[in-house]
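To start, the structure itself, in structure tokens.
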Amino acid sequence: LECRPAAAQASSNAADSAALPDWWPWAAGGAIGVAFGLLLAMLLRRRAERALPVAFEPPVVHEPAPQAAPEPVQALRAEAAEPLPEQATKAPSVAEPAPAPAPAARPAAAANPQGLTIALEARRMSASLMATTLSYRLMVTNHGSQPLSALAVEGDMVSAHASLPPDQQMANGGQRLELRHALVALAPGESAEFTGDFRLPLAAVTPIRSGDAAYFVPLARLRVEAATPNGQPLICAQTFVVGEQPETPGGALRPFRLDLGPRTYSRIGQRAVS
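520 is the number that our numbering gives the last residue of the sequence shown; the numbers go up by one with no jumps.
Listed below in structure tokens is the structure:
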């Protein structure tokens, strides 16, 4: 056992301290920092490895192989690839129609409203301070194969305007008009001619405004009802627009101006409104 005095021990430590360089504390601190960094990296790596099982991988949907398709799908694909037979390529609209029933099942005259026609000729339009008056010639023709009886010719004149509903401007079979003429009978192929006047008060006219001008577009509405031999009524309704003849042939009819004062128009025409 070696024993040294305290003074000798202190002198020995001082000698050892004097033998070390001045930068050794910095080197020791750097070594400790590197060791701590390595230790921290190891801890983070272990934590990341432990967290891997918790992460979710997005599911991958694999397209089924063509041979694995169900049999109905394979059958549909096979049918789409093969050309359709001739019967399958025919459209339903062009299929052979069923045989039509015998013509005796329904009366031809009652089922053919085109058998009765109305023709209107506008002859003169006059405008006064109180009313407008249209003079007309009307012809009713029976184009059917059966005689007609108890013919009632109804009609009136209205003013065309965009603010009015269609049922107040167009003639229709379900709306009765003022009775104008009557006829006892009309044989097949026969025509009957009537003349008269339609009068419309200025207070009932809805003019079409364009600046200082006020235009009037008259509509002559006609309805003819007749009785057929089997007792069924035959109704024909037609509307005509009346206006001034255009300057060039084939042009559109021109409306009448009401702001020019009383006058009479003789070059007028009419067009059937479908």
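C-beta: ideal position from N, C-alpha, C; glycine also.
Rounded straight-line distance, which links the Cα of residue j to that of residue i
i: leucine 432; j: aspartate 458; result: 49 Å
i: leucine 499; j: proline 434; result: 34 Å
i: aspartate 402; j: glutamine 415; result: 10 Å
i: alanine 396; j: glycine 361; result: 16 Å
i: threonine 452; j: arginine 426; result: 24 Å
i: serine 512; j: asparagine 476; result: 44 Å
i: tyrosine 461; j: alanine 450; result: 14 Å
i: asparagine 388; j: leucine 506; result: 42 Å
i: proline 412; j: valine 470; result: 20 Å
i: leucine 423; j: arginine 517; result: 20 Å
Residue j beta carbon less than 8 Å from that of residue i
i: isoleucine 514; j: valine 488; result: yes
i: valine 399; j: leucine 384; result: yes
i: alanine 466; j: valine 386; result: no
i: serine 372; j: threonine 363; result: no
i: leucine 448; j: alanine 377; result: yes
i: proline 464; j: serine 405; result: yes
i: tyrosine 382; j: threonine 441; result: yes
Exposure label - residue i; buried when at least 16 CB within 10 Å
i: threonine 485; result: buried
i: threonine 510; result: exposed
i: arginine 418; result: The residue you asked about is not arginine; residue 418 is asparagine in the sequence shown. Asparagine 418 is exposed by the Cβ-count criterion.
i: glycine 497; result: exposed
Beta-ladder partner(s) of residue i, from DSSP
i: glycine 489; result: Gly515
i: glutamate 471; result: Ala398, Ile481
i: alanine 431; result: Ser395
i: valine 386; result: Ile364, Ala438
i: alanine 466; result: Met403, Phe486
i: serine 456; result: Ala459
i: alanine 377; result: Pro447
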